[in-house]
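**Student:**
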């Protein structure tokens, strides 16, 4: 009897030793060590080659959570003005601890309705973390030890409109609080419309013997001409596609929406940009209330379009008292020299012209180091210090104490499209780029349309949506994976 | 014979009754009785508001504008003739709308088209005298409609938004539960012990009241008064004394065994520090209360209401106590106010207020044209640089909370400053209740008056007139943690609220008078004349194009448009109210706009030849000359300019046929209360035209154009 018990104890002891002493990662049965190997991409396939509607991407979120319930939870942090839920996904390995007890990273996209690139980047990060958990030891550790709060779409009302309805690259951007932009007493009464029904908003022109535009030789562009030849058809540029809804003689002068949501946050708020009052927009208020209740948020990313910028919050600048202009100039030159020296070994090195109080120097150095790495990961992005004025990341840094970043995704297609290397992309260069890179899918050729008030007009000569401001589909994944890398770094 | 006389009798009776029906005005007299012998509290107020809304459906509307932390509704009663008033969106037809069809704009209510006055009470839960004044005001308004000429005119032409309780939880706790609560309620674990709101005041001796507990404490800050041993006097700062020291606390014990009492009560934040104006400190940290401006559900409800009701020009927030009024600003000094607004508030409103409460009006206000003389005198005597700038020290009864002598703000994030600076309202904060003034036979103490003396007199007064029932005598009690002591004190709310009965009625009546006065100052934009002159009738199919050069208009033939008349329309509008349609810089504030006038007609049949469909009128002045103001300006701060974010909007493009005019709406560049707007239109057939003048805070009026 005693021997049996001894054997049982020994067996248990040995088993316990085995379990305790097993190196971490051994439980990752599907661990993948080769860069060329399978990392779980097809476990939950998502196509990154297009933009999704609100219904589609919220379904993706819910479906992926159902597949990885031990890693993710979904909640609605509140409703938008028009009643859409703002869905947030919390990612962390539940068995290693509660999400509130771990350091957390906050990621949100598309606070500006039209900047939907942020949605895909956020979704990509979510997908990456969840599908690679079982395969990638780095992701495994990350998800075990940290929490990710990911809100792909912040301004969900306009996100949906931008993707699913005809829009220019710049609207709708603001939350749908009615605003009287033209001071006529009516609110949001003159919005953009798709006059020719082609699903895109372009520019309207009208034939005019005194006009200053003519068609290009290949008839695909309107070009300015100050010295027209005889017999050439001339046009006047009317403006953006739309109707005069309120019959006041102006077109599209009072579009939907009110204040800039990224000026609605409390820190540095002012009445002109952030009206009517701080946190007046439910979409923004829900976000800040969530952040207040989750003090474990250590860093935050806010996605925007456009510009290829890494904007980061830094401690406030202190001015050195009594510096003469010569001294300032000299300091600047010294900094440039130092930067040039740094760049000899690291072409992504960064140095910022900001003096901070000694107690804040650590923050400044940390941020500098982080965005230097960011510059390297994101390649053609440029770090720069961000402003205040009621922006979300200002509130996150100054009020909640989290390192915060505003990433302006995508940007002008300068290096792709600038054929003559003059630093700008002219309309002709843009047209050529679209023809070759996108097989012509991005351009609206001028064509005649009947307008109820204006009569016969011409519309066209512009790129479509998802070219200038948000990337065309084939570039979505490229932006997404680069940015996911930066977040994980 | 019999038949005839009974016939005449019947006729006589009928005529008398008919006469009575004709002469007795509809909706007259008080349909909902109200008494001011007892405080209404939260539920009493709600019951009254609901009864009034039900009894006077033609002139009132009850709105639930949001819920407090504990789920109690915040009510605004709208008082205005629901059958009058119009708004611009009712007249301008929209067409060819975007197919997406997002319906984010709610049609305006007719009462939003009239100049409005906002009145609120009980921002602080224990300051519910303001609630009573609001209810009194409501009673006077609805009961006077139809019988009192002045009240009837005001209700027909203006709008009142009355919010008797901004802080429902605070009022409920203060009145119904007897635990005075200045702040709102919050479910917050103040002492971070894992439990929420577990340790608030307690009724130790179970007498149904929360009073005070006093006990001997060598470190205490109170001493017993020599003259009236019931009175506890608080020692100042480093004041020394030979008398035994006491501590005085609200009836309370340690509920959660952590050796502290009352450290985690329901009490949340001071709502009058939660508004966005002056909320931040200059060093970048928070000065106001709450996690961020407008974080509390109560201030959120109020902010949203005020944002969506842009016709408010006057605001009044009632507080207690003291018996005086604060006018803006408390978070910033005098130099932040426009001289015109200062003149309107001090020389017009302040003067009337002081007359009502019976205080002396400063000499300078009686002769505002001689301000320079007073400024010179003050330079010699005053240490207050702002008083010297103004020409007078502000009197006790009408002043600012900003500490001008020390150049220090009074607090952060206060409502009146916010309503003035960000919404362009003449916003006031009146501290109601001064027992010396409001209790008619209250003895006037000799010599210097201080708080202690007032307290002594108050104690004696209530002994006589209230049978001693307002102050409970100290009775011994053995406190579980603090030992031997006594429980007693004023009934919880009477130290800073008007006493029920005659004193309360006097406070109400005074401020009702002031409200009437201010309502009488509101602007009133009217259309005085519309003339239409047919210049030209075309029977051929050629359109006439009008070209203006100076005052000459030449009509030329152009493209075909159909059969029409060319009409010159002249509309005259005027602000017949006393004050201008905005405060000095009000029209530039984000969310506000200047006055406009529209000529509305069927767009398919109306062509605007000269003059855009809507024209900008600037800000129409009032008819009242503003004493002591002759056009002084202040430097335009950068904050008053409209933001530059229009970059992201495609700016409105003009229709081609209007290219000969400027692409901005026509501006009528006149000053003063009147404007003349002109149009030259070509109309097809007899298509109707309408002139609509729309002032955000001056009201909207419409009038059809009659064309002979």
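Residue numbers (the numbering used here), protein chains in the order written: chain A, 135 to 623; chain B, 6 to 713. Every residue, glycine too, gets a C-beta built ideally from N, C-alpha and C. Since the model is a prediction, treat every value here as computed from it, not as a measurement.
1. Would you kindly work out how many angstroms separate the C-alpha atoms of residue 597(B) and residue 315(B), rounded to a whole number?
2. Can you tell me the Cα-Cα spacing of residue 347(A) and residue 330(A), whole angstroms?
3. Counting contacts by CB-CB distance shorter than 8 Å, is residue 529(B) in contact with chain A?
4. Kindly indicate which three-state DSSP category residue 61(B) falls into: helix, strand or coil?
5. Give me, in chain order, the residues of the same chain whose beta-carbon lies closer than 8 Å to that of residue 207(A); leave out the 5 immediate sequence neighbours on both sides.
6. For residue 508(A), report the span of its beta strand (DSSP E) as first-last.
7. How many Å lie between residue 393(B) and residue 166(B) at the Cα?
8. Pick from 485(B), 281(B), 168(B), 609(B): whose alpha carbon is nearest that of residue 53(B)?
9. According to the neighbour-count rule (16 or more other Cβ atoms, all chains shown, within 10 Å of its Cβ), is residue 701(B) buried or exposed?
10. Output, in chain order, the set of chain A residues within a Cβ distance shorter than 7 Å of residue 74(B).
11. Go through the stretch 513-569 of chain A residue by residue and report every complete run of the beta strand (DSSP E) that reaches 3 residues or more, in order.
12. Using a Cβ-Cβ cutoff of less than 6 Å, which residues in the same chain neighbour residue 302(A) once the five nearest sequence positions on both sides are dropped?
13. Looking only at its own chain, which residues have a Cβ that is under 6 Å from the Cβ of residue 600(B), when we skip the five neighbours before and after it?
14. When you check each C-beta in the stretch 89-105 of chain B against every C-beta of chain A, which residues fall closer than 7 Å?
15. Could you check whether the stretch 460-469 of chain B touches the stretch 479-494 of chain B, counting it as contact only if at least three pairs of C-beta atoms, one from each stretch, sit closer than 8 Å?
16. Going by beta carbon distance, what residues of the same chain come within less than 7 Å of residue 657(B), once the five residues before and after it are set aside?
17. Assuming residue 60(B) and residue 148(B) form a contact by the criterion Cβ under 8 Å, report the distance between their Cβ atoms to the nearest whole angstrom.
18. Could you tell me which chain A residues have their CB closer than 7 Å to the CB of residue 613(B), listed as they occur along the chain?
19. Is the separation between the beta-carbon of residue 378(A) and that of residue 584(A) shorter than 8 Å?
20. List the residues of chain B that residue 380(A) touches, going by C-beta distances under 7 Å, in chain order.
21. Mind listing which residues of the stretch 588-601 of chain B have their C-beta closer than 8 Å to chain A's C-betas, in chain order?
22. Output needed in chain order: residues of the stretch 613-629 of chain B with a Cβ under 9 Å from some Cβ in chain A.
23. Apart from the five residues just before and just after residue 475(B), which ones in its own chain have a Cβ nearer than 6 Å to its Cβ?
24. Does the separation of the CB atoms of residue 84(B) and residue 146(B) fall below 8 Å?
25. Using a Cβ-Cβ cutoff of less than 7 Å, which residues in the same chain neighbour residue 597(A) once the five nearest sequence positions on both sides are dropped?
26. Work out the CA separation of residue 67(B) and residue 697(B) for me, nearest whole Å.
27. Give every residue of the same chain whose Cβ lies closer than 7 Å to the Cβ of residue 361(B), excluding the five residues on either side of it in the sequence, and list them in chain order.
28. With DSSP as the reference, label residue 388(A) as helix, strand or coil.
29. In this structure, how does DSSP classify residue 335(B) when only helix, strand and coil are distinguished?
30. Quick check: the Cα distance between residue 595(B) and residue 522(B), rounded to an integer number of angstroms?
31. Is there a Cβ of chain B sitting closer than 8 Å to that of residue 299(A), yes or no?
32. So which residues on chain B does residue 295(A) lean against when the C-beta distance must stay under 9 Å?
33. With the cut-off set at 8 Å, would you say residue 446(B) and residue 512(B) are in Cβ contact?
34. Between the stretch 316-323 of chain A and the stretch 289-303 of chain A, are three or more C-beta pairs nearer than 8 Å?
35. Nearest to residue 487(A) by CA position, among 476(A), 217(A), 470(A), 326(A), is which residue?
36. Which one of 296(A), 165(A), 185(A) has the shortest CA to CA distance from residue 624(A)?
**Tutor:** Put simply:
1. 7 Å
2. Going by C-alpha positions, residue 347(A) is about 21 Å away from residue 330(A).
3. Answer no: the Cβ-Cβ gap between residue 529(B) and chain A never drops below 8 Å.
4. coil
5. Cβ neighbours of residue 207(A) beyond the five flanking positions: 199, 223, 224, 233.
6. Segment 495-511 is the alpha helix (DSSP H) holding residue 508(A); no beta strand (DSSP E) there.
7. 37 Å
8. 168(B)
9. buried
10. The premise fails here: residue 74(B) is roughly 14 Å from chain A at the closest Cβ pair, so nothing lies under 7 Å.
11. 516-519, 537-543
12. Here residue 302(A) has 335 as same chain residues with Cβ atoms under 6 Å from its own Cβ, once five neighbours each way along the sequence are excluded.
13. 586, 622, 625, 700
14. Those residues of the stretch 89-105 of chain B that come within reach of chain A (Cβ to Cβ, closer than 7 Å) are 93, 94, 97, 99, 100, 101, 102, 103, 105.
15. no
16. Confidence in residue 657(B) is poor, its pLDDT being 46 and thus under 50, which makes the residue's placement too unreliable to answer from.
17. Between residue 148(B) and residue 60(B) the Cβ distance is about 10 Å, and since that is not below 8 Å, they are no contact.
18. The contacting residues are 383.
19. no
20. Within chain B, the residues near residue 380(A) are 97, 99.
21. From the stretch 588-601 of chain B, only 594, 595, 596, 598, 599, 601 have a Cβ closer than 8 Å to chain A.
22. 613, 617, 618, 619, 621
23. 467, 496, 499
24. It is a contact, given that the beta carbons lie within the stated cut-off.
25. 564, 568, 576, 577
26. 29 Å
27. 515, 518, 519
28. Reduced to three states, the DSSP call for residue 388(A) is strand.
29. coil
30. 29 Å
31. Yes, residue 299(A) counts as interfacial toward chain B.
32. 105, 107
33. no
34. no
35. 470(A)
36. Nothing can be reported for residue 624(A): it is not among the residues displayed for chain A, which extend from 135 to 623.
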